[in-house]
Amino acid sequence: MNTERIPLFPLNIVLLPGQSIPLHIFERRYRVMTRHCVATKSPFGLIFVHEGNLGAVGCSAMITKTLKEYEDGRSDILITGQHAFRLIRTHEEQPYAEADVEFLEEDFTEIDPGVSARVEELFNQCYLILFEGNAEPLETEEGVSLAYQIAAELPLEVSLKQALLELRSEAERQERLLERLSEWYPQLQNRERVRQKASGNGHSKL
């Protein structure tokens, strides 16, 4: 098993490969860590932490832009998810945590085009209700995860995002996402009907 040691950043969020998110860096140890990563153009590992417990799988991240630097040393950065990894062991030799990780392969075989089409359709329908506008077209290149893209765009449960990250099969990720969106879309439709009724007559009858 080939492992690599990288800085580790435990957070109560899940980063997915290809997803870009901003972070506000204020703790001294993570200021040191991000300066190191910027200087060496190297990744760190973002891993979900819940009630003090680290997830089994995380995602490596590259700092793609420093958005703002504050006089007191804090900074706002933009990071982009790179590759899923499995956590092997942690180390505390630096001011920040490090970890030996195993980078994981993605399996893009046996994807059902019908499932992909239905997942994308449900995504667009949910997005329209949530954000009152159409979503940007998704990437369809070979080797690009449709499931990761959709999960990154929707306010889904962090537990679901972590479950998707831990799955190596894109076909299984899409099936899991299809199941969730099939449940969620009717709930969003009902919520929207209630909202429209309330805005139309000043009250709603639930």
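For the sequence shown, numbering that gives the first Met the number 0 gives the first residue as 0, with consecutive numbering after it. Even glycine gets a Cβ: it sits at the ideal position worked out from N, Cα and C.
According to DSSP, residues forming a beta bridge with residue i
i	result
H49	N52
R88	D99
R4	D99
Sequence-distant residues of its chain with Cβ nearer than 6 angstroms to residue i (five each side left out)
i	result
R194	none
N123	A134
S168	D106
Beta-carbon contacts of residue i that lie in its chain and below 8 angstroms, excluding the five residues immediately before and after
i	result
T2	I87, D99, V100 and E101
L127	N133 and A134
S19	T63, L77, I78, T79 and G80
G72	R27 and R30
L205	Annotation note: pLDDT 42 at L205 (below 50); position unreliable, no value reported.
H90	R4, A96, E97, A98 and D99
R175	A146, L159, A162, L163 and L166
C125	L153, L180, W183, Y184 and L187
beta-carbon residue i near the ligand ATP non-hydrogen atom, thresh 7 angstroms
i	result
V56	No copy of the ligand ATP occurs in the structure displayed, which carries no ligand at all.
Other residues of its chain near residue i: CB distance less than 7 angstroms, five sequence neighbours each side excluded
i	result
E68	S74
L221	A question about residue 221 goes unanswered here, because the residues of the chain that appear run from 0 up to 205.
E92	none
S181	L121
L45	F8, L10, L14, G57, C58 and A60
Option nearest residue i by Cα separation, candidates the options
i	options	result
I62	S144, F47 and Q81	Q81
A96	E169, K64, E140 and E26	E26
F47	M32, Q173 and V157	V157
V13	A83, Q186 and H23	A83
I5	S41, R34, P21 and V37	S41
A150	S168, Q173, T139 and G142	Q173
L166	E182, Y147 and R179	Y147
L163	E131, G54, C125 and A38	G54
C36	L10, N123, S59 and F130	S59
E171	P136, L137, E140 and T108	T108
R190	L129, S144 and E140	L129
E70	I24, E104 and L177	I24
What ranges does the beta strand (DSSP E) occupy inside the stretch 18 to 45, keeping only unbroken runs of at least 3 residues that lie completely in it? You should have 19 to 24.
Starting from the N-terminal side, write out each stretch of the alpha helix (DSSP H) that is 4 residues or longer and does not extend beyond the stretch 140 to 178. With a minimum length of 4 residues, the continuous alpha helix (DSSP H) runs that stay inside the stretch 140 to 178 are 145 to 152 and 157 to 165.
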